[in-house]
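S.K.: Just dropping this structure here.
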Amino acid sequence: MKLSTLALIASSLIASSNAADTTSSSTVVERTQSIIEPSASEIAVSAASAKTLQWTSDIKGKKFDRFVVIWLENTDFDQAAEQPDMAWVASHGITLTNYWAVTHPSEPNYMSSVGGDYFALDDDRFTSLPKNVSTLADLLDDKGISFGSYQEHLPYTGFTGFNYSNQETFANDYVRKHNPFILYESYTSNATRLSVMKNFTEFEKDLKDEKLPQYMIITPNMTNDAHDTNIKVAGKWTRDFVTPLLENEYFMNNTLVLITFDENETYAEQNTVFSILLGGVIDDELKGTTDSTFYDHYSQIASAEVNWDLYNLGRNDVTANIWKSLADAEGLTNKDVDTKFMVNNETYHGYLFDEKIALPAPNISATNIAGKGILPAISSVWADEYSSQVKENYFTSTTTLVSLESTLENGASKFAEETTTASGSGSKSGSNTITSTSKTESTSASVTTNSGSELPSGSHNGAAGLSPIAGAGALAIAAALLI
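Okay, here's the thing in structure tokens:
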């Protein structure tokens, strides 16, 4: 390969990267980080003035009226499946044998489950995404559907600190990184939303008063979720926690519960996580069965969108599969995903990985699996930013890169409309599957995700493109391939 040709490619990509930096208003964002735990006295003062809200609603869903996700931690699929208490819980529901975490470590997985992206986060640091990044809370709020979060040992309602330790043993207890909504300023800047971020004491009260929200996130502490212990401890906690709920008529009424893990433990293995669907909407004949449909954490958002006829976020929610029972009920078809070369054990080169890269705009033209468009409020906020990014070479918020061969054949400024994958002539970075794609300025060109599925940036039958990222990420990856 001639150096002059490589120089041409590099110069073109640098120009694209620089253009993205200067046209994007979202590149200048303060990234804060704190590991300071508040003192007990500070907590006591704040707790005294914290406002707690019991928020309920009754918006009927197409398959379920209430959704609950219970998070556990860092366990390989087989270890969880073979644990006796987890096996007992699974006998009461449907085991999802092809449910994937999106990356490592913990925090980006929680982030992805409500925001439709993990924005290239590759660690568990203190993260607060800018206010213009919307979440599932915005979609639910738009429809008047109540939501809330119950975090074990959260010191008080609406606590936004980094962590909270057991005040007697000083063991890890509540941690911010396991609380999805807290990672978004669009949530934490809203006092009402903070008032429904509560601890387990409030959960028991809301359950007794029959005042639970329709969308619930439940996270046990660092002991009970297996993070600082093991699956035996987490399995026993899960069985003890779920058993009375299974017998509670109010809780079970038209409720769907997902028990899942944020990620597996062994990074070198495929990042599948043991997951179970159970609840009052599960027919008796389906209890103790399995479902091999491809799911990931984005499926939580996508399923809520279809169930309650919500708008979408314009991110990875629009390409995600939904729970099979919901898809069957609505006559929708989930995509088949070839996971042979998938690993999902690394991040992509993007916003939280490299501060030179712009915050990716959502795809304002995207439609989800049910054909529903983006939330109008999101579109109005991001229209100009999206337009400026699509004028540059941009890449999906998964592990994608420029195809160098296509670039050479078609010129550094125009990329071929063809896709190669890691199973063929694509490339691999570490043990993570890489799919490469070419992209012109046309928003109808296709992109390829790390699930191996080809998706257009515009809408098509039930799926759409993902969040674009300015082309600076491709420069680093392309440069690495040249070495």
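Heads up, the sequence shown is in this note's numbering, so the first residue is 3 and it goes up one at a time. Note that beta-carbon positions come from the ideal geometry of N, C-alpha and C, so glycine has one too.
Could you tell me how far apart the beta carbons of Trp73 and Thr221 are, in whole angstroms, since I believe they sit closer than 8 Å?
M.R.: Against the sequence shown, residue 73 aligns to sequence position 71. Against the sequence shown, residue 221 aligns to sequence position 219. So it is a contact: roughly 5 Å between Cβ atoms.
S.K.: Provide the residue span of the beta strand (DSSP E) that contains Phe296, from first to last.
M.R.: Along the sequence shown, one-based indexing puts residue 296 at 294. Per DSSP, Phe296 belongs to no beta strand (DSSP E) and is neither H nor E.
S.K.: Does the count of Cβ pairs from the stretch 222–229 and the stretch 175–194 closer than 8 Å reach three?
M.R.: A contact exists between the stretch 222–229 and the stretch 175–194.
S.K.: Quick check on the DSSP output: what are the complete beta strand (DSSP E) runs of length 3 or more inside the stretch 290–334, in order along the chain?
M.R.: Segments of the beta strand (DSSP E) lying fully in the stretch 290–334: 291–293.
S.K.: Are Glu307 and Asn370 close, meaning C-beta to C-beta below 8 Å?
M.R.: Working through the sequence shown from its first residue, we reach residue 307 at position 305. Working through the sequence shown from its first residue, we reach residue 370 at position 368. Yes, they are a contact pair.
S.K.: Going residue by residue through the stretch 225–274, where are the continuous beta strand (DSSP E) segments of at least 3 residues, counting only ones entirely within it?
M.R.: Complete beta strand (DSSP E) runs here, min 3: 257–263.
S.K.: Looking at Pro132 and Thr349, is the spacing between their C-beta atoms short of 8 Å?
M.R.: Position 347 of the sequence shown, counting from 1, holds the residue named residue 349. Position 130 of the sequence shown, counting from 1, holds the residue named residue 132. For Thr349 and Pro132, no; Cβs fall outside 8 Å.
S.K.: Between Thr369 and chain D, is any beta-carbon pair separated by less than 8 Å?
M.R.: This model lacks chain D altogether, as it is built from one protein chain only.
S.K.: Since Tyr101 and Asp298 are thought to touch, with beta carbons under 8 Å apart, how far apart are those beta carbons, to the nearest angstrom?
M.R.: Translated into positions along the sequence shown, residue 101 becomes position 99. Translated into positions along the sequence shown, residue 298 becomes position 296. Tyr101 to Asp298, Cβ: 7 Å. Contact.
S.K.: With DSSP run on the structure shown, which of helix, strand or coil describes Met344?
M.R.: In the sequence shown, counting from the first residue as 1, residue 344 sits at position 342. Three-state result, Met344: coil.
S.K.: For the alpha helix (DSSP H) containing Tyr112, name the first residue and the last one.
M.R.: Translated into positions along the sequence shown, residue 112 becomes position 110. Here the alpha helix (DSSP H) through Tyr112 covers 108–117.
S.K.: Going by DSSP, what residues sit across from Gly146 in a beta bridge?
M.R.: Start at 1 with the first residue of the sequence shown, and residue 146 comes out as number 144. Per DSSP, none; premise fails for Gly146.
S.K.: Name the DSSP beta bridge partners of Ile278, please?
M.R.: Looking up residue 278 in the sequence shown gives position 276. According to DSSP, Ile278 bridges with Thr97, Ile261.
S.K.: Looking at C-alpha atoms only, which residue of Asp264, Thr291, Thr190, Phe149 is the closest neighbour of Asp78?
M.R.: Taking the first residue of the sequence shown as position 1, residue 78 is located at position 76. Residue Asp264 is the option with its Cα nearest to Asp78.
S.K.: List in chain order: all unbroken beta strand (DSSP E) runs of 3+ residues lying wholly within the stretch 146–204.
M.R.: You should have 149–153, 165–167, 174–177.
S.K.: With a Cβ-Cβ cutoff of 8 Å, do Arg317 and Asp143 count as a contact?
M.R.: Sequence index remark: in the sequence shown, residue 317 carries index 315 (1-based). Sequence index remark: in the sequence shown, residue 143 carries index 141 (1-based). Not a contact, by the Cβ cut-off of 8 Å.
S.K.: What number of angstroms, rounded off, separates the C-alpha of His94 from the C-alpha of Asp125?
M.R.: In the sequence shown, the residue the question calls residue 94 occupies position 92. In the sequence shown, the residue the question calls residue 125 occupies position 123. Each residue's alpha carbon lies about 35 Å from the other.
S.K.: Please state whether DSSP places Ile219 in a helix, a strand or coil.
M.R.: Stepping through the sequence shown from its first residue, residue 219 is reached at position 217. It is a strand residue.
S.K.: For Gly282, which option in Ser114, Leu248, Glu267, Val320 has the closest C-alpha, if you only look at C-alpha atoms?
M.R.: Here the question's residue 282 lines up with position 280 in the sequence shown. Among Ser114, Leu248, Glu267, Val320, the Cα nearest to that of Gly282 belongs to Leu248.
S.K.: Are the CB atoms of Lys200 and Asp87 within a distance shorter than 8 Å?
M.R.: Walking along the sequence shown from the start, residue 87 turns up at place 85. Walking along the sequence shown from the start, residue 200 turns up at place 198. Not closer than 8 Å, so no.
S.K.: How is the alpha helix (DSSP H) around Phe79 delimited, first residue to last?
M.R.: Within the sequence shown, residue 79 is the residue found at index 77, counting from 1. Start and end: 79–84.
S.K.: Contact between the stretch 345–359 and the stretch 272–279: three or more CB pairs below 8 Å?
M.R.: Yes, they touch.
S.K.: Strictly by DSSP, which residues pair up with Leu74?
M.R.: Position 72 of the sequence shown, counting from 1, holds the residue named residue 74. Answer is Phe263.
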